[in-house]
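Here's the structure, in structure tokens; my notes come after.
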Amino acid sequence: MRFTTIFFDLDDTLYPPSTGLWKNIKSRISLYMHERMNIPQEEVQSLREKYFLQYGTTMRGLQAHHNIDTEDFLAFVHDLPLKDYLTPNPILRDVIASLPTVNLIFTNADIHHARRVLSVLGLNDLFETVIDVNSIAPYCKPMPESFQIAMQAAGESDPSKCVMIDDINRTTKAAKAQGLFSILYNESFTEGDADAHLTDWGELRGVLENA
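Now the structure itself:
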């Protein structure tokens, strides 16, 4: 295997969208904008999507235009009972544990949410490092600078030895443009701009070895 480092996205990647967790996090983002920021309900969705597209995350847009309390925002939107959505994934655990690479979480969420998710999934001990939205500030995925910071955190200067696994096409496209080997993961196969596509974690080792 030619890779030394794998960056794993968190939400809707290490667990499937069918859990409904990320959908409910997005609902709480909308709720925060309406209840805490007094943005009219009819404007929330379009503004949330506008900031997501323009800034990489809704939070970065809210920081830029509304000077929000970032810690308060992150605590509010992630305040969900994770065990109602997630269960341990022993198959994924075995796959990750078998990899000879340095494996890191690279997420636009914060480290507290990431560690909570990893704990419920039974994966916490497999990831010594979480590169979260605060550690790459003022950037976020899919900005080029975010990948450079992530590689520095991993101690790997050669992007061709790095892998980015994400469920969002614009992230895998950006990672590919930076020279990383990008894998678009989704439980239902969809075309996207990535070096490889994955629907089954059991196929990951083969994809990496044949890259």
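Read in order, the letters of the sequence shown are residues 0 to 210 in numbering that gives the first Met the number 0.
Using N, Cα and C, we set each Cβ at its ideal position, and we do this for glycine too.
Just so we're clear, the structure is a prediction, and the values are computed from it rather than from any experiment.
Residue burial is scored here from C-beta neighbours: G55 has at least 16 other C-beta atoms within 10 angstroms and is therefore classed as buried. Looking at the DSSP output, T4 bridges to V101 and C161. Inside the segment 64-135, DSSP marks whole alpha helix (DSSP H) runs of 4 or more residues at positions 69-76, 89-96 and 110-120, from first to last along the chain. Looking from the CA of D10, the closest CA among D124, Q62 and V119 belongs to V119.
In this structure, DSSP gives A210 a state outside helix and strand, which the three-state scheme calls coil. The residues T57 and G60, in chain order, have a CB closer than 8 Å to that of F51 in the same chain once the five nearest residues on each side in sequence are set aside.
As the crow flies, the alpha-carbon of K160 is around 21 Å from that of G191.
Under the DSSP assignment, L20 falls in the alpha helix (DSSP H) whose first and last residues are L20 to E34.
With a beta-carbon spacing of about 5 Å, L179 and P158 fall inside the 8 Å limit used to define contacts.
Between G121 and P87, the CB-CB gap stays under 7 Å.
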